[in-house]
Amino acid sequence: MIVGVSEFYYIFWFIMSVLAASLAAVAIFYAFSLLQDIKQSLENIEHLLQGKAAKPKPKGQKRK
């Protein structure tokens with residue numbers, strides 16, 4: 045009888061679930077950031093269509 049295999053199995057799946065949860069959190073954060081950029085771009089397009097100058101990006105949200 046092999047002792048300890050089931051413990052390693054549970055530890056492995058616990059680590060995998062933690063990694064999956066952190067990956068999901070990063071994906072959600074990235075999606076919200078992308079949505080903010082899309083919203084800003086749409087607002088700039090709307091201002092351009094109205095003949096106004098594009099709104100400047102708020103400080104702290106500059107792209108590299």
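Per our numbering, the sequence shown starts with residue 45, numbered consecutively. A virtual CB, placed ideally from N, CA and C, is assigned to each residue, including glycine.
C-alpha gap between residue i and residue j, whole angstroms
| i | j | result |
| --- | --- | --- |
| Leu63 | Ile89 | 39 angstroms |
| Tyr54 | Ala65 | 16 angstroms |
| Ser77 | Ser85 | 13 angstroms |
| Leu92 | Ile82 | 15 angstroms |
| Leu42 | Phe73 | Since the first residue shown for the chain is 45 and the last is 108, residue 42 is missing from the structure and cannot be characterised. |
Helix, strand or coil at residue i according to DSSP, with G and I counted as helix
| i | result |
| --- | --- |
| Gln80 | helix |
| Met45 | In this prediction, Met45 scores a pLDDT of 43, lower than 50, which makes its location untrustworthy; the coordinate-derived value is nonetheless stated afterwards. Correct three-state label for Met45: coil. |
Cβ of residue i within 8 angstroms of any chain C Cβ
| i | result |
| --- | --- |
| Leu93 | No chain C appears in this structure, which consists of one protein chain only. |
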